[in-house]
Each structure stands twice: as structure tokens, then as C-alpha cells.
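A.B. asks: Using my numbering, the final residue of the sequence shown is 1049, and nothing's skipped along the way.
C-beta atoms are modelled at their ideal positions from N, C-alpha and C, and glycine is treated no differently.
Keep in mind that this is a model prediction, so the values were computed, not measured.
So that we are looking at the same thing, I have put the structure below in C-alpha cells.
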Amino acid sequence: MAKAKQTFCLEGRFEGFMAGGKSPFKYLSLRSTSDEQHVIKLPKSVRLMLFRYLQTGDWVRVVGEESIDKETGEPKLKAQEVVRVKPLEVVTTPPQSVSSQAKRKPPKILICQKSTCRKRGAAQVCREVEATLASCGLTDAVEVKLTGCMDKCKAGPNMVVMPDKQRYTKVKPGQVSELIAQHFQADDVG
Ligand code: FES
């Protein structure tokens, strides 16, 4: 019998991790904007990384697949991507500024978190990026996104800075602050 799966995209506040099997971080608990709790299974490859990266109360977006548990009939959510985002703000925008805002892509740092890059130090790079953004007051202005393989495994850790689309390979934690200063001067973002 074919299993019906559909994609879901949820946004809300990260409430913490939940244990399952042998892993203390098998699930993530998210409180959505409609105040519902969602328990979402995490892929093994990102559990430890998210444990280091997420803090209770962070606003996150989770994209993944939903299926129905054959035994309980309850929906089961499995994450494919977890991104920390700012909460959605409802603002009234004058019509003439809508198009200019749509054209301006938000600043973002993409860091590969697949196994080869991780073996080469992607987790340390990610931590350094987070720490540097925090010390520059840029945590809310620059989104950090953990990605899948960028097809440059031998040159890992790989990182891409948006909106410049600038790719960096073999990134070392010690290079991070300079790269961030280069792309995100405090008055360029926010
Ligand atoms: S594992 Fe990072 S690019 Fe392939």
C-alpha cells in the first residue's frame, strides 16, 4: 500500500529537544503561531548541530514530510530542513516600496552541514559565524542557514554568502570574522 506523504512548512518558537531511541535530540518541539505544539523528528545528520545551534525561544522554520502513523493514525512529521528565522512581522508597506523590498534579497550565510564538510570542521565554522554575528550585533540581520551537500565536498567546509552569492571553500574558523566584516558592514544590513 502506497504511503501518502506530503510536504509541510511550519514556523514557530523552538521549545526544546525531545529524546527518542538512543538519541536525546531525536525530536524538536515547536510552538506554532496558532499556539499548537508540533513534535518533529530530526534527521540524524543535523541533531548534534542543532543542539549546539538552537536556543529555547528561537524562531525557526521547519520544512519536511508529513505521513500518517499506521498504528496510531496520528500525523508524523519528519524534518528535512531547519532554519532559524526572525518572527514574521506584520507591517503596512506603502505600495511604492513593495517592489524595492522584494528585489532586495536578505543577507544570509549558507553553511554545508553534510558529513564530509562536518568532518572537515563545518560545525566549528558555524559556531564561529554565530559568535561573530552576535558580537557584531548582526544576529537578527543575517540569517544562518545549514544546508545539504553543495557538491564541493573535497573543498569543505563550504560556505556561501548571500546576496553576493560568494562561495568560500576550506573555510577555517579563524577566517570567519574577516569574511563577515567584508560582506556585512553594520550599516549595510538591518
Ligand atoms: S559535504 Fe559539504 S559540499 Fe558535500
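By the DSSP assignment, the alpha helix (DSSP H) with Phe910 in it spans what residues?
C.D. replies: Lys903 to Tyr912
A.B. asks: For Lys1011, is the beta carbon positioned less than 7 angstroms from some heavy atom of the ligand FES?
C.D. replies: yes
A.B. asks: For Thr975, tell me which candidate among Lys935, Asn1017 and Leu992 has the shortest Cα-Cα distance.
C.D. replies: Ranking Lys935, Asn1017 and Leu992 by Cα distance to Thr975 puts Asn1017 first.
A.B. asks: Mind checking whether Leu1005 and Ile970 have CB atoms under 8 angstroms apart?
C.D. replies: Judged by beta-carbon spacing, Ile970 lies within the 8 angstroms limit of Leu1005, meaning their Cβ atoms are closer than that value.
A.B. asks: Measuring only from the beta carbon, is Cys868 closer than 7 angstroms to any heavy atom that is part of the ligand FES?
C.D. replies: no
A.B. asks: Pick from Tyr886, Val898 and Glu925: whose alpha carbon is nearest that of Phe910?
C.D. replies: Tyr886
A.B. asks: Check whether the segment 1006 to 1015 touches the segment 974 to 988, taking contact to mean three or more Cβ pairs, one atom from each stretch, closer than 8 angstroms.
C.D. replies: yes
A.B. asks: From Leu869 to Thr1028, what distance separates their C-alpha atoms?
C.D. replies: 31 angstroms
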